[in-house]
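Colleague:
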Amino acid sequence: MLNIVKYIVLGLILSSGLLVYINSYWRHPFLAVINRWISWILVSLLTGYFLIRFGISNRPFIVLSGTVFLLWFLVESILIWFNIRMLNFSAVSFFPKFSMNKGQIPWPNQKRYIALKEFLRLNGFKEVQSIKTSILGIISLYSPIYKDPTNKIFLQLLFIPQKNGIVNIYYVLISSTDEGSRYITDNLSLPFGGYVPGNWVKVRKPLCNSLKNLLKRHQKMLNESTENFISWENTPLVEINHQQSVLEYYNIKQGFLHPSNLHQTYGKLTAEGRYRLWKQLLFLKYLGY
1 MLNIVKYIVL GLILSSGLLV YINSYWRHPF LAVINRWISW ILVSLLTGYF
51 LIRFGISNRP FIVLSGTVFL LWFLVESILI WFNIRMLNFS AVSFFPKFSM
101 NKGQIPWPNQ KRYIALKEFL RLNGFKEVQS IKTSILGIIS LYSPIYKDPT
151 NKIFLQLLFI PQKNGIVNIY YVLISSTDEG SRYITDNLSL PFGGYVPGNW
201 VKVRKPLCNS LKNLLKRHQK MLNESTENFI SWENTPLVEI NHQQSVLEYY
251 NIKQGFLHPS NLHQTYGKLT AEGRYRLWKQ LLFLKYLGY
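At position 97 of the sequence shown the residue is numbered 97 (the numbering used here), and the sequence of numbers has no breaks.
#1: Go ahead and pull the three-state DSSP assignment for T265.
#2: Do L155 and F125 count as a contact pair if the criterion is CB distance below 8 angstroms?
#3: Closer than 8 angstroms by C-beta to L42: which residues in its own chain qualify, once you throw out the five before and the five after it? Chain order, please.
#4: Measuring alpha carbon to alpha carbon, tell me which residue in F54, V75, Y49 and E76 is nearest V63.
#5: Mind the definition here: the stretch 269–281 touches the stretch 71–87 only if three or more C-beta pairs lie below 8 angstroms; say whether that holds.
#6: From the DSSP output, in three-state form, read off R182 for me.
#7: Among P106, H242 and V68, which residue has its Cα nearest to the Cα of I319?
#8: The beta strand (DSSP E) that contains P236, what's its start and end?
#9: Is the stretch 234–253 close to the stretch 194–203, with three or more CB pairs under 8 angstroms?
#10: Using 8 angstroms for Cβ pairs, my map puts W81 next to S44. What's the rounded Cβ distance?
#11: With C-beta atoms as the reference, is L284 less than 8 angstroms away from I131?
#12: Assuming contact is defined by CB atoms lying nearer than 8 angstroms, are L157 and P149 in contact in what I supplied?
#13: Need the endpoints of the alpha helix (DSSP H) that E76 sits in, please.
#14: Mind checking which residues open and close the beta strand (DSSP E) that includes V92?
#15: Below 8 angstroms, how does it come out for the stretch 221–233 and the stretch 168–185: are there three or more Cβ pairs, yes or no?
#16: Alpha helix (DSSP H) containing V43: first to last residue?
#17: Apart from the five residues just before and just after L207, which ones in its own chain have a Cβ nearer than 6 angstroms to its Cβ?
#18: Suppose the cutoff is 7 angstroms on Cβ atoms and the five residues either side in sequence are ignored; what does the same chain contact list for Y266 look like?
#19: Using the DSSP secondary-structure output, state which residues sit across from N308 in a beta bridge.
#20: What's the call for F89, buried or exposed, on a 16-neighbour Cβ count within 10 Å?
#21: What is the C-beta distance between N241 and F98, in whole angstroms, given that I count them as a contact (C-beta under 8 angstroms)?
#22: So is Q129 buried or exposed if we call it buried at 16+ other beta carbons inside 10 Å?
#23: If I follow the unbroken beta strand (DSSP E) through E127, where does it start and stop?
#24: Bridge partners of S175, per DSSP?
#25: Residues bridged to K147 by DSSP?
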């Protein structure tokens, strides 16, 4: 049994190394999800192997590895819960307001982003505004806004810096109807956890790394709708800040967020809000959605 485990562990180590290497060139959230599962299984098998190999325990290998597997889940859950608690009492806003960005947005000088610029050009997207927001007053998030040729789709690009110095770009597609409905499609891998108004349709595809595929999904949703989509008249900054205000108000109303006068005592999130955020963080990390 232990001889077979050695080969399995070796295969998992090689697979993990290969995924890390591939992901450094072709960044895709699905690869990160697979690698987390490999790490989880690898630690479980290695711990069970060493406990038996060095005579620390005489329990069956399956029992030892299964116990470590469950302990990993417990520890991961506790760490996520602590992170949510820190976020709950931090200065980070769940629905931050944006302001005008008067400087030049630094596009990463990588093949993927050069191809993205070319895709926008070929499909008639025109940049209409550049906005930004900040986290803790230190980290700036830059966001150029584009309109499609029909003037019925806002495309918001979000430049989000990572700990390793790499900048990830996420896509948010927004359309509105004459009845006040709003259709939103994005690929954000950040947890949302909250609610949207009943006449809004929000589709999140965190595993979709392609703007082309995300745009097709959004256009299909618009084509299948019976509502009349209108051209955007207001500036993107006004529309996006209005959207953030509506979401904040609705999530307070639905019991996901506390009103601002209770933040100092209870934090921003209600008990239900903390649970929903914890669940979505786990789902995003290990299932990708």
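Ideal placement from N, C-alpha and C gives every residue a C-beta, glycine not left out.
Modeller: Let's see:
#1: Reduced to three states, the DSSP call for T265 is helix.
#2: Against a cut-off of 8 angstroms, the Cβ pair of L155 and F125 comes out as a contact.
#3: V9, L12, I13 and S16, listed in sequence order.
#4: Out of F54, V75, Y49 and E76, Y49 has the C-alpha closest to the C-alpha of V63.
#5: The answer is yes - the stretch 71–87 touches the stretch 269–281, with three or more Cβ pairs under 8 angstroms.
#6: Under the three-state reduction of DSSP output, R182 falls in the strand class.
#7: Outside the displayed span of the chain (1 to 289) sits residue 319, for which this structure offers no information.
#8: Membership of P236 in any beta strand (DSSP E) is not indicated; the residue belongs instead to the alpha helix (DSSP H) covering P236 to K253.
#9: They touch, by the three-pair rule.
#10: Going by Cβ atoms, the distance from W81 to S44 rounds to 21 angstroms, so no, they are not a contact pair.
#11: Taking 8 angstroms as the cut-off, the beta carbon of L284 is found no closer than this to the beta carbon of I131.
#12: No, they are not a contact pair.
#13: It spans F61 to N88 - the alpha helix (DSSP H) in which E76 sits, taken as one unbroken run.
#14: First-last for V92: undefined, no H or E at that position.
#15: A contact exists between the stretch 221–233 and the stretch 168–185.
#16: Start and end: P29 to R53.
#17: Apart from the 5 residues on each side of it in sequence, L207 sits with its Cβ closer than 6 angstroms to the Cβ of P29, F30 and G288 in its chain, given in chain order.
#18: These residues qualify, in order along the chain: H258.
#19: Only positions 1 to 289 of the chain appear in the structure, and residue 308 is not among them; the question remains open.
#20: Counting every other CB atom within 10 Å of its CB across the protein chains shown gives F89 a total below 16, marking it as exposed.
#21: The C-beta separation of N241 from F98 comes to about 6 angstroms, placing the pair in contact by the 8 angstroms criterion.
#22: Burial state of Q129 is buried, judged by a 10 Å Cβ sphere holding 16 or more other Cβ atoms.
#23: For E127, the uninterrupted beta strand (DSSP E) run begins and ends at K126 to I135, by DSSP.
#24: Partner(s): Y183.
#25: The beta-bridge partner set that DSSP reports for K147 consists of K126 and F154.
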